[in-house]
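Here's the structure, in structure tokens; my notes come after.
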Amino acid sequence: MNRPDYLPTYLTDQQREAILYRGGPLLIIAGPGSGKTEVIAWRVAHLIRAGHIRPEECLVTTFTNKAALELKDRIQQKLPSINVELMQVSTIHSFCAELLRRYQRGGSRLLDAEGQFLFVYANRKALGLGDIVKGRPYSFFSQVIATFNQATEELVEPDKLLAHCEAGLCACCADESDLWQERAAVAEAYRRYCDLLRERRLTDFAFLQRHALDLLTGRPDVLAELQERFHEILVDEYQDTNALQDRLLELIAGDGGHLTVVGDDDQSIYRFRGATVKNILTFPDRFPNAHVVRLTQNFRSREPILDHSQRVIVHNPARYPKDLFTRRGPGSDIVLVYRRTAGEEAVAVADFLKRLHDAGKIRRWSDVALLLRSVRSYAEPYVAAFAVAGIPHVVTGDATFFKRDDISQLYRLFSFLGASKPWGDVHLRQPIVGLSAETRGALKRYKDNLLDVATDDGLREIGVQDAKDRERLLALLKLKKRVQDGRHNSLIEVFYGLLAATGYFARCEQEGREEAQQNLGVLSRLVAAFDEYGGTRNFYPFMNYLKLMKEGGVDPVTVPPEDAVQVMTVHQAKGLEFPVVVVGALMEGRFPSRRRKERYEIPADMKASGSPEVNDPHLVDERRLFYVAVTRARELLILGTADVVNKRGGGPSRFLNEMLGDDLQAVADLERAFIAEAESRGGAPLGPRERHSFSQLAYFLQCPLRYKYAVIYGLETPWPAPAGFGANVHRALEEIHNRARAGYPPGEADVAGIVAETWVPGPGIRPEMEQALQEAAVQQLREYVRKHANTFSRIERAEAHFSFSLGEHILRGKIDLIRRADGGGVEIVDFKTAKSSPLTLGGIDAQLDLYALGVETDLGERVRRQTVHFLGDGQVVTWKWSAKRAGMAREGFATILERITRREFTPRTAYCPTCQEFAAICPYALEHPGPAKE
Numbered sequence: 020m021n022r023p024d025y026l027p028t029y030l031t032d033q034q035r036e037a038i039l040y041r042g043g044p045l046l047i048i049a050g051p052g053s054g055k056t057e058v059i060a061w062r063v064a065h066l067i068r069a070g071h072i073r074p075e076e077c078l079v080t081t082f083t084n085k086a087a088l089e090l091k092d093r094i095q096q097k098l099p100s101i102n103v104e105l106m107q108v109s110t111i112h113s114f115c116a117e118l119l120r121r122y123q124r125g126g127s128r129l130l131d132a133e134g135q136f137l138f139v140y141a142n143r144k145a146l147g148l149g150d151i152v153k154g155r156p157y158s159f160f161s162q163v164i165a166t167f168n169q170a171t172e173e174l175v176e177p178d179k180l181l182a183h184c185e186a187g188l189c190a191c192c193a194d195e196s197d198l199w200q201e202r203a204a205v206a207e208a209y210r211r212y213c214d215l216l217r218e219r220r221l222t223d224f225a226f227l228q229r230h231a232l233d234l235l236t237g238r239p240d241v242l243a244e245l246q247e248r249f250h251e252i253l254v255d256e257y258q259d260t261n262a263l264q265d266r267l268l269e270l271i272a273g274d275g276g277h278l279t280v281v282g283d284d285d286q287s288i289y290r291f292r293g294a295t296v297k298n299i300l301t302f303p304d305r306f307p308n309a310h311v312v313r314l315t316q317n318f319r320s321r322e323p324i325l326d327h328s329q330r331v332i333v334h335n336p337a338r339y340p341k342d343l344f345t346r347r348g349p350g351s352d353i354v355l356v357y358r359r360t361a362g363e364e365a366v367a368v369a370d371f372l373k374r375l376h377d378a379g380k381i382r383r384w385s386d387v388a389l390l391l392r393s394v395r396s397y398a399e400p401y402v403a404a405f406a407v408a409g410i411p412h413v414v415t416g417d418a419t420f421f422k423r424d425d426i427s428q429l430y431r432l433f434s435f436l437g438a439s440k441p442w443g444d445v446h447l448r449q450p451i452v453g454l455s456a457e458t459r460g461a462l463k464r465y466k467d468n469l470l471d472v473a474t475d476d477g478l479r480e481i482g483v484q485d486a487k488d489r490e491r492l493l494a495l496l497k498l499k500k501r502v503q504d505g506r507h508n509s510l511i512e513v514f515y516g517l518l519a520a521t522g523y524f525a526r527c528e529q530e531g532r533e534e535a536q537q538n539l540g541v542l543s544r545l546v547a548a549f550d551e552y553g554g555t556r557n558f559y560p561f562m563n564y565l566k567l568m569k570e571g572g573v574d575p576v577t578v579p580p581e582d583a584v585q586v587m588t589v590h591q592a593k594g595l596e597f598p599v600v601v602v603g604a605l606m607e608g609r610f611p612s613r614r615r616k617e618r619y620e621i622p623a624d625m626k627a628s629g630s631p632e633v634n635d636p637h638l639v640d641e642r643r644l645f646y647v648a649v650t651r652a653r654e655l656l657i658l659g660t661a662d663v664v665n666k667r668g669g670g671p672s673r674f675l676n677e678m679l680g681d682d683l684q685a686v687a688d689l690e691r692a693f694i695a696e697a698e699s700r701g702g703a704p705l706g707p708r709e710r711h712s713f714s715q716l717a718y719f720l721q722c723p724l725r726y727k728y729a730v731i732y733g734l735e736t737p738w739p740a741p742a743g744f745g746a747n748v749h750r751a752l753e754e755i756h757n758r759a760r761a762g763y764p765p766g767e768a769d770v771a772g773i774v775a776e777t778w779v780p781g782p783g784i785r786p787e788m789e790q791a792l793q794e795a796a797v798q799q800l801r802e803y804v805r806k807h808a809n810t811f812s813r814i815e816r817a818e819a820h821f822s823f824s825l826g827e828h829i830l831r832g833k834i835d836l837i838r839r840a841d842g843g844g845v846e847i848v849d850f851k852t853a854k855s856s857p858l859t860l861g862g863i864d865a866q867l868d869l870y871a872l873g874v875e876t877d878l879g880e881r882v883r884r885q886t887v888h889f890l891g892d893g894q895v896v897t898w899k900w901s902a903k904r905a906g907m908a909r910e911g912f913a914t915i916l917e918r919i920t921r922r923e924f925t926p927r928t929a930y931c932p933t934c935q936e937f938a939a940i941c942p943y944a945l946e947h948p949g950p951a952k953e
């Protein structure tokens, strides 16, 4: 096969074949460490460079957003003259969202995983689940939601599922009657859930895909347009797609002549999320003319690691045979740490790693990863052993957010605010409140209701002599009274009230405690989620929600030391590699884990994916997971096991016997093991390039510290968005402009119908307020249509996306309207629902400057004018765009991005008097206050 000059010489024959093949459906079976991502990137680059397709004619799907961004960067390196950002390289979920946005009228709000959980919990009575909660509530609702998602992704109709459960209830024996009643209740809940999503104009991730599939099956014109648009479809991680995704992609692919799928059946580890390995296993059967390329050279692992991993995975039935090899040489022996108890094994692992580090065999602690089946369940003895041995480490996925001292103290302060009883001094005496020892003593001695002495004189009389302490206590008591009287507007308002009253956030800023501030950002998002989906401001259900989150576990943000062992789950390590890998807790019942039967199991004959590929999928999946774990290792693989778990037997994992033989004690001789020096990987691998939107950069323009709080720490704004009014108006505007482009310009009489069709109700908004907002939108847009319908004939694009590179960064955005300008070129228009206001540097003019750069750099249009249209009062402001302005804008944004990279977040104190979001908690704003507020 001829090699084009632009292909690098380091590619293997197998990789070149995968890149260059043209002749029908293509299945690339990519073993671990076989350079899969590089092959995908080069295949896309080759198709474009060879002239087979244009960039916009390629659809590439990945498993995660991070993988999509990294793949884009790889393709961009190979195609420097093409803007890869606008290629459709995304997750399937993102692709479905784009399809629905583009082709489906109306709109909907997307529930993320946390939002879906809260929505189901908050509506449990409406769903008929209020009286059947079993066991731990978090676990119950998680199982219910998993069943909902599985039913959606397996294309199970609610009525059929309910009929199945009712039939099972009629036919079951007395011992199973309660279980089948529960199953029938969950099936009925799913039916109601589907109805509720439609009524509220909401969608979850599963229905996002289902709606996209329904769109393509119900709109042949849309399907034909997509088939005409995408001349090449490439699916990464194909082994982890579900039945719905496979049908969607097959529809677009048509006969599959330009379909490439890439994956490894041995690394299919997401069955619990709905993935079916049958998609990749049956691909040659469904496409008989498919060409198969096997990438069998492993560039990652030493020979002992690769050879021993193969000894295990061959025990799985129903798989593609593979003859993997590596040219990296023999390297170290496989090391088995075998002790009597799990605790002793953890200590032995820590001691062994310490010895290797001290001897120079391991250069950097960050070269080491400890992989576990469950970090939350099994990490504790290792963490304790690492602490004793002085090994720096960072734990990911341990769900210990609510165990952090500051978060647990804030949780108790929330309890204090919501409690109707007159107790609470014990919570006020917590360190986070920052009171003096004398004040804490006075509070401890006072036995009555503190609200009775909630004045400066009253607190002084009970012994609180420190003026700052009195100020802090009065703020907390005032907040408690406001909550008890129901005068708070939102829970996020109460959250910020706590941070302001305690001064905790300001102290963290002054002391440089970034990890604490990032975790306050996590808590703010939990609180804001309840505001959006909880359906009430009442404190009792809010505290129940926080209890649920504690039960289920939330991962904290950790700022790792520069050089530390990484402790994570095997699932989190997928796609990563480390010089040294420890796979711990390899005992029966832990890894492999015990089989758990689904309580609300959907029968195979109702699923789109049908029966699993094997009779015992659990053990097969566990073996695949073990295979993924051990193949993360480059230089050294250490396996840890024990005879006894929690005073009970269990014994070593069967996977160890498959890998090392029956006499594990003979293998577990640490002194005789040959250990070569592990080649360090140097620093941590770089992630995808940073992407920035103008809404993010606007924070920096106003105040760099505001950017850090909102973007870096992820602090939610301390007030709810005004019912999504602006978003709803822009959805209606897009529909107005799209109809005009299609040759059907709407008139004033059409506006009310368009607004009603595209309107998405705001969370927790009273019906009368919703109606008033909708009427206001109709009024604004009627006036716009009346005065500016004569410009509709010049519309080029509506809601046009752009993205372009500026140095090592990506700038992206979405322009409301692009229309042809008089004399050639285009005019870009941004709509604001507010009334007109002076254009300020770093404000709207900077936004339109970024948009103009995007249009010229990315969309290839010459910008003549920039316009902002204030719908609030109908004012239109326009100015010219010039090469000089473009140069200044490019230079200005480059400076901002450079400062962000250097983490220069110096506060702009001139902004403090007008800061609305963080003025109450930022130490600099407290020193430069604005006008006093009631």
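Going letter by letter, the sequence shown gives residues 20 to 953 in our numbering.
Just so it is clear, CB atoms sit at the ideal spot from N, CA and C, and this is done for glycine as well.
Can you tell me the Cβ-Cβ gap for residue i and residue j, rounded? I've got them flagged as a contact below 8 Å.
i	j	result
ASN317	GLY50	6 Å
ALA337	ALA627	Not confirmed; about 19 Å, so no contact.
LEU916	HIS711	7 Å
PHE435	LEU447	7 Å
VAL394	GLY416	4 Å
LEU235	LEU267	7 Å
ALA204	ILE151	5 Å
Under 8 Å between the Cβ atoms of residue i and residue j?
i	j	result
SER127	THR31	no
GLY554	GLU607	no
ILE69	LEU98	Residue identity differs from the one stated: residue 69 is Ala in this sequence, not Ile. It is not a contact, given that the beta carbons lie outside the stated cut-off.
LEU469	LYS500	no
VAL413	VAL586	yes
GLY571	TYR157	yes
LYS297	GLU698	no
LEU510	PHE549	yes
HIS828	GLU709	yes
GLU493	ALA461	Looking at the sequence shown, residue 493 is not Glu but Leu. Contact: no.
Determine the DSSP secondary structure at residue i, reduced to helix, strand or coil.
i	result
THR171	helix
ARG651	coil
THR31	coil
HIS250	coil
ARG255	Contrary to the premise, residue 255 reads as Asp rather than Arg in this sequence. Coil at ASP255, not helix or strand.
CYS184	helix
Suppose the cutoff is 7 Å on Cβ atoms and the five residues either side in sequence are ignored; what does the same chain contact list for residue i look like?
i	result
ARG506	none
ALA684	In the sequence as presented, Ala is not what sits at residue 684; that position holds Gln. Around GLN684: TYR357.
GLY629	ALA623
VAL578	GLU533, GLU534
GLN169	GLY293, ILE621
Looking only at its own chain, which residues have a Cβ that is under 6 Å from the Cβ of residue i, when we skip the five neighbours before and after it?
i	result
GLU551	PRO782
ALA759	PHE811, ILE814
ALA519	ALA939, ILE940
GLU953	Only weak support is given to the placement of GLU953: the predicted model assigns it a pLDDT of 43, under 50, and the question is left unresolved by the model.
With a CB to CB cut of under 8 Å and the five nearest residues on each side skipped, what residues in its chain are close to residue i?
i	result
PHE371	VAL354, VAL356, ILE657, LEU689
VAL368	VAL356, LEU389, TYR401, ALA404, VAL601, GLY603, ILE657, GLY659
PRO19	With the chain represented from 20 up to 953, any question about residue 19 goes unanswered, as that position is not in the structure.
| message | Between the stretch 843-858 and the stretch 747-754, can you find at least three pairs of beta-carbon atoms closer than 8 Å? | response | yes
| Just checking, does the stretch 189-202 make contact with the stretch 225-232 on the three C-beta pairs under 8 Å criterion? | no
| query | Is there contact between the stretch 117-127 and the stretch 139-159, where contact requires at least three CB pairs shorter than 8 Å? | reply | no
| request: Please confirm if the stretch 377-397 is in contact with the stretch 559-566, defined as three or more CB-CB distances below 8 Å between the two stretches. | output: no
| request: May I ask you to verify whether the stretch 866-878 touches the stretch 757-774, counting CB pairs closer than 8 Å and requiring at least 3? | output: no
| said: Within 8 Å, do at least three Cβ pairs link the stretch 267-279 to the stretch 237-251? | reply: yes
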